[in-house]
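If you count the sequence shown from 1, position 21 lands on 20 in numbering that gives the first Met the number 0, and the numbers rise without skipping. Here a beta-carbon is modelled for each residue, glycine too, at the ideal position from N, C-alpha and C. Here is the structure we will look at.
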Amino acid sequence: MTEIWLVRHAQTDWNMERRFQGQSDIPLNETGRQQARQLAGSLAAAGKAFQAVYSSPLSRAMQTASAVAERLNLPLQAEPRIREANLGEWEGMLAEEIPLRYPDLVEARRRDPFNVPPPGEQAENVASIAGRASQAMDAIARHHNGQPVLVVTHGLVIATLVCLNRQIAFEEVFQQIPHNAQPVVLHWKVAGNA
């Protein structure tokens, strides 16, 4: 079993505006850069012997992970399977706009996020996120078996992994999204291992 510290990227302007980012490549804002430095300091002070830092390739995650990796003197590795969900037509929209424009779809997604994606040809449901993100966690856990590892990723990816790992119903996935620069610790057992 591997101790995986999942950390949501630090703040962006779109976070402040409550604008859906998805796979749009939005950088950290000044507050986010400060949060990343503070996160790096608190993780260094924790005295945990982290073995590696992995990150989503999106710039907001890479900027957060770079601050941490530099402070902990660890290699930083990009892992594309932990990028944020493709939110289709919702990317760039304000959180308040979406239920007004898509009330039926928002309700269907709230009831069944595992199967219902946002609108858009490439948009992902939680099943898609769960498939790729759990494969990434399995690969990381195999490579660092029994060792603590940091993984900087995104809110819905973390929430999905928390639901998988802690056997929480996917209907509660949106309530599991952590704040920016907030770690969530999971003890990850590789699928199929006894």
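Margin query: Would L57 and Q22 be called neighbours here (beta carbons separated by less than 8 Å)?
Written below: Remark: C-beta atoms of L57 and Q22 approach each other more closely than 8 Å.
Note to self: Could you tell me the alpha carbon to alpha carbon distance between H8 and D103, rounded to whole angstroms?
What the structure shows: Rounded to whole angstroms, H8 to D103 spans 30 Å at the Cα level.
Note to self: Here's the rule: buried if 16 or more other CB atoms are within 10 angstroms of the residue's CB, otherwise exposed. What is A68?
What the structure shows: Classification for A68: buried.
Note to self: Can you give me the C-alpha to C-alpha distance between L99 and F169, rounded to a whole angstrom?
What the structure shows: Cα to Cα, the separation comes out at about 24 Å.
Check: Using DSSP with H/G/I as helix, E/B as strand and the rest coil, what is L163?
Finding: Secondary structure of L163 (DSSP, three-state): helix.
Notebook entry, point to check: Is it the case that the Cβ atoms of P112 and V172 are separated by a distance below 8 Å?
Noted result: For P112 and V172, yes; Cβs fall inside 8 Å.
Item checked: Coarse secondary structure for I25, derived from DSSP in three states -> In the structure shown, the three-state DSSP call for I25 is coil.
Checklist line | Nearest-angstrom Cα separation, counted from S54 out to A180 | finding: In this structure, the CA atom of A180 is about 13 Å from the CA atom of S54.
Next item on the list: Would you list the one or two residues that DSSP bridges to L172?
Entry: As written in the sequence, residue 172 is Val, which differs from the Leu given in the question. Beta-bridge analysis with DSSP links V172 to no other residue.
Next item on the list: Measure the C-alpha to C-alpha separation of V115 and A45 and round it to an integer number of angstroms.
Entry: Cα to Cα, V115 sits roughly 39 Å from A45.
Check: When the distance is taken between beta carbons, is V148 closer than 8 Å to A51?
Finding: Pairing A51 with V148 gives a Cβ-Cβ distance under 8 Å.
Next item on the list: Tell me whether N14 is buried or exposed, calling it buried when 16 or more other Cβ atoms sit within 10 Å of its Cβ.
Entry: Around the beta carbon of N14, 16 or more other beta carbons sit within 10 angstroms, so the residue counts as buried.
Check: Quick one: what's W4 bridged to in DSSP?
Finding: W4 is bridged to L149 and V184.
Notebook entry, point to check: Between T1 and A138, what straight-line distance do the alpha-carbon atoms span, to the nearest angstrom?
Noted result: Cα to Cα, the separation comes out at about 11 Å.
Check: Skipping 5 residues on each side, what residues in its chain have a beta carbon closer than 7 Å to that of W187?
Finding: Setting aside the 5 residues that flank it on each side, W187 is surrounded in the same chain by M0, T1, I3, M136, A140 and N164, each with a C-beta closer than 7 Å to its C-beta; the list follows chain order.
Note to self: Do A122 and L86 count as a contact pair if the criterion is CB distance below 8 Å?
What the structure shows: Contact flag set, yes.
Next item on the list: Note the first and the last residue of the continuous beta strand (DSSP E) segment covering A77.
Entry: Note, A77: beta strand (DSSP E), L75 to A77.
Notebook entry, point to check: Do A60 and I128 have their C-beta atoms within less than 8 Å of each other?
Noted result: Going by beta carbons, A60 and I128 fall outside the 8 Å limit.
Item checked: Where A193 falls, given that 16 or more other Cβ within 10 Å makes a residue buried -> With a pLDDT of only 48 at A193, under the threshold of 50, the placement of this residue in the model should not be trusted; the figure read from the coordinates follows. With fewer than 16 Cβ atoms within 10 Å of its Cβ, A193 is classed as exposed.
Item checked: Simplified DSSP assignment, three categories, for L86 -> In the three-state scheme derived from DSSP, where H, G and I count as helix and E and B as strand, L86 is classed as coil.
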